[in-house]
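Enquirer: Quick one: the structure is below, questions incoming.
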Amino acid sequence: MIDRSPKPPEALMRAITQDLRPVRPSPRPLQLALRMVPLALLVSSLILLAIGPRQDLSVLGPLLTWGASAVQFVLAIALVWIGAHESIPVGRLPRHIVYSAAIAASLVVVLISLVTFSTSPVIEPILRVPPRVNEMLRVSPWIMGFGCGIGSTIAGGILVLLFSWMFRNSLASRPTLAGALYGAGAGLAINAGWRIACPVSTLWHTLGAHGAAIIATVILGALIGRFLGNRRLHIGGRRS
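Shown next, in the form of structure tokens:
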């Protein structure tokens, strides 16, 4: 049977040929997650160097300080790894696994806060600042909580923006969920370093101020993910 359909114009075929470019294969989710490790370590370490370690490290011991923070950091990278799976539509994980991982990470943060407070129940902040400032923080503990919440939110936000830039070409079919996972990973990574520097162990402070910062980075990541997803759909629709 003879194909009588009209052939495409020669100019069109030439334009298509000139437009062809080799495409690099997308990195695997584990590779994407491991790329985040240096960034997360850098930002978290800068916070610890800027504030300095808390003065009760000898009471807490290395397991409850560096060990617990290492666990949080590993969980942060695991959440980023799960989020990276969203970039591959056929490789994304089931919702129950994603939600179970998020709940497990939250429970670990709560457990670490409880054990830290029971081991060293520091109520009054002791910082390397003039005595007058320490007295002001003792009388008005909300100032310390506000400072920790804002500071760790800003640090987490910077890390979320860095994550979003590296995942800007993501093809996630659930971009809001992917962004929330990146935000959760950023918040946990920052908190892993912040908890070693923050001198207050009370639960209202660790779960309130620090926890609010983690939630803020989750929301920021979700919003950025949604924005990037809508932008990709808009560009794709305009090209078609």
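Mind the numbering: the sequence shown is residues 63 to 302 in my numbering, read in order.
Cβ atoms here follow ideal geometry from the backbone N, Cα and C, with glycine treated the same way.
Taking the alpha carbon of G245 as the point to measure from, which residue in M98, T79, Q93, R76 has its own alpha carbon closest?
Expert: If we check each option's Cα against that of G245, M98 comes out closest.
Enquirer: Who are the near neighbours of S214 in its chain, counting only those whose CB is closer than 7 Å to its CB and skipping five residues on each side?
Expert: Once the five neighbours on either side are set aside, the close Cβ partners of S214 are I252, N253, W256, H272, A275.
Enquirer: Can you list, in chain order, the residues of its chain whose CB lies under 6 Å from that of L243, leaving out five sequence neighbours each side?
Expert: Here the set comprises L141, I144, G145.
Enquirer: Since I139 and G247 should fall inside the 8 Å C-beta cutoff, what is the C-beta to C-beta distance between them, to a whole number of angstroms?
Expert: Contact flag correct, Cβ pair sits at about 7 Å.
Enquirer: So, do the segment 127 to 137 and the segment 160 to 171 have three or more beta carbon pairs nearer to each other than 8 Å?
Expert: The segment 127 to 137 vs the segment 160 to 171: in contact.
Enquirer: Considering only C-alpha positions, which residue in the set E148, T264, F225, L282 is nearest to L96?
Expert: Closest option to L96, Cα to Cα, is F225.
Enquirer: G270 and G207 look like a contact to me (Cβ under 8 Å); what is the Cβ gap, rounded to whole Å?
Expert: Sure, about 6 Å apart at Cβ, within 8 Å.
Enquirer: In angstroms, rounded to a whole number, what distance separates the CA positions of R154 and P237?
Expert: Straight-line Cα distance between these residues: approximately 12 Å.
Enquirer: For R288, which residues of its own chain have a beta-carbon under 8 Å away from its beta-carbon, when the five flanking residues on both sides are left out?
Expert: The residues are P237, T238, G241.
Enquirer: Short of 7 Å in beta carbon distance, which residues of its chain neighbour P192, apart from the five on each side in sequence? Order them along the chain.
Expert: The predicted model places P192 with a pLDDT of 48, which falls under 50 and marks its position as unreliable; any figure quoted below should be read in that light. Same-chain partners within the cutoff: there are none.
Enquirer: Taking its Cβ as the centre, do 16 or more other Cβ atoms sit within 10 Å of T127, making it buried, or is it exposed?
Expert: Buried, because 16 or more other Cβ atoms sit within 10 Å of the Cβ of T127.
Enquirer: In this structure, does DSSP put S226 in helix, strand or coil?
Expert: Note: S226 maps to helix in three-state DSSP.
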